[in-house]
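Going by this note's numbering, the sequence shown opens with residue 2, and the numbers climb by one from there.
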Amino acid sequence: MSQIAKMIINDPESFHLLTTDAKERIIKAATNTVNIQAALAKKQNVKTMKDNFTLRNTFTTRQVQYDQMPKGRYALHAIHSTIGVTEKATYMERQEKGGIHKPATGSTLAIPTDIARSGNRARPVARIYRVNKVKTQKVRGTFKKNIASKKARQVARAYIAFKTGKLLSYGGNLHKVIRFKAKNGNVSFRLKQAYSFSKTQTRTPPQPFFLPSCEKPAADGQRIFNTQMDKLK
2 MSQIAKMIIN
12 DPESFHLLTT
22 DAKERIIKAA
32 TNTVNIQAAL
42 AKKQNVKTMK
52 DNFTLRNTFT
62 TRQVQYDQMP
72 KGRYALHAIH
82 STIGVTEKAT
92 YMERQEKGGI
102 HKPATGSTLA
112 IPTDIARSGN
122 RARPVARIYR
132 VNKVKTQKVR
142 GTFKKNIASK
152 KARQVARAYI
162 AFKTGKLLSY
172 GGNLHKVIRF
182 KAKNGNVSFR
192 LKQAYSFSKT
202 QTRTPPQPFF
212 LPSCEKPAAD
222 GQRIFNTQMD
232 KLK
């Protein structure tokens, strides 16, 4: 076949530059992708925690942390980002997988009731009823010098608990005295349990939050990567 013009395409060096540029774009896009996925997974984990657990403050959610992949030249198989819950919140592993809860010290667990949660199970334990303050909220004093009867001493403690809002020890547990009535020499009072100390352990049912929160960002990897590639054109 006759040709009126002829051009030889033979420039391997240009091909090499094109390939190198494409590789660098892919590495950058892949690095951005895993970092975005980790950030999204953290955001979803924090939301899930807030929606499903009774949190007293932001301590637990702050323990959800991730490590970014720094920018650089890597083999694709080396590009990764990690996310997890720090050891400061190891109790969340029991929420994720379920398990036995035993007291860190002593032989029984201090289990707050709705009373200690301001009457609502979904609320955190009120500040004055937190475990580290419970002892200071317990009415103390045996009144042995002034009151001979054990029953009378308990009534005296119940009266003080009612007047001060402190807790009365009764049957090994702590109670709030919500009513105290004395009339014609007869005394009656009503208790509502604020803390139970009767159990040596409890079983926490699994309530997976971590892995489900990571599933959508993981599934969106291809879409995120494609978006990052488009930005690097």
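Heads up, the beta-carbon is just placed ideally off N, CA and C, and yes, glycines get one too.
Would you mind sorting residue i into buried or exposed? The rule is 16 or more other CB atoms within 10 Å of its CB.
{"i": "residue 207", "result": "exposed"}
{"i": "residue 132", "result": "exposed"}
{"i": "residue 210", "result": "buried"}
{"i": "residue 163", "result": "buried"}
{"i": "residue 137", "result": "exposed"}
{"i": "residue 237", "result": "Here the chain has residues from 2 to 234 only, and residue 237 is not among them."}
{"i": "residue 92", "result": "exposed"}
{"i": "residue 169", "result": "buried"}
{"i": "residue 78", "result": "exposed"}
{"i": "residue 71", "result": "exposed"}
{"i": "residue 179", "result": "exposed"}
{"i": "residue 129", "result": "exposed"}
{"i": "residue 87", "result": "exposed"}
{"i": "residue 175", "result": "buried"}
{"i": "residue 45", "result": "buried"}
{"i": "residue 217", "result": "exposed"}
So what does residue i bridge to, in DSSP terms?
{"i": "residue 196", "result": "113 and 175"}
{"i": "residue 190", "result": "181"}
{"i": "residue 169", "result": "176"}
Would you kindly report the start and end of the unbroken beta strand (DSSP E) that includes residue i?
{"i": "residue 203", "result": "203-205"}
In angstroms with no decimal places, state the Cα-to-Cα distance between residue i and residue j.
{"i": "residue 222", "j": "residue 38", "result": "7 Å"}
{"i": "residue 2", "j": "residue 24", "result": "Legend: pLDDT at residue 2 = 46, less than 50; position of this residue unreliable, value from coordinates given subsequently. Rounded to whole angstroms, residue 2 to residue 24 spans 39 Å at the Cα level."}
{"i": "residue 184", "j": "residue 161", "result": "17 Å"}
{"i": "residue 167", "j": "residue 127", "result": "13 Å"}
{"i": "residue 142", "j": "residue 203", "result": "32 Å"}
{"i": "residue 172", "j": "residue 114", "result": "15 Å"}
{"i": "residue 139", "j": "residue 191", "result": "17 Å"}
{"i": "residue 149", "j": "residue 112", "result": "33 Å"}
{"i": "residue 198", "j": "residue 49", "result": "30 Å"}
{"i": "residue 42", "j": "residue 22", "result": "30 Å"}
{"i": "residue 68", "j": "residue 40", "result": "9 Å"}
{"i": "residue 83", "j": "residue 36", "result": "9 Å"}
{"i": "residue 152", "j": "residue 159", "result": "11 Å"}
{"i": "residue 279", "j": "residue 96", "result": "The chain is shown only over 2 to 234; residue 279 falls outside these bounds and no answer can be derived."}
{"i": "residue 193", "j": "residue 108", "result": "24 Å"}
{"i": "residue 104", "j": "residue 110", "result": "5 Å"}
{"i": "residue 125", "j": "residue 57", "result": "5 Å"}
Which first and last residues belong to the alpha helix (DSSP H) in which residue i is found?
{"i": "residue 212", "result": "211-220"}
{"i": "residue 208", "result": "Counting along the chain, residue 208 falls outside any alpha helix (DSSP H), and DSSP gives it neither H nor E."}
{"i": "residue 140", "result": "Per DSSP, residue 140 belongs to no alpha helix (DSSP H) and is neither H nor E."}
{"i": "residue 152", "result": "151-165"}
If you measure from the CB of residue i, is any heavy atom of the ligand FMN nearer than 6 Å?
{"i": "residue 114", "result": "The ligand FMN is not among the ligands present in this structure, which contains no ligands whatsoever."}
For this session: Within the region 49-127, note down every full beta strand (DSSP E) run reaching 3 residues or more, in order along the chain.
Result: 65-68, 83-86 and 100-102
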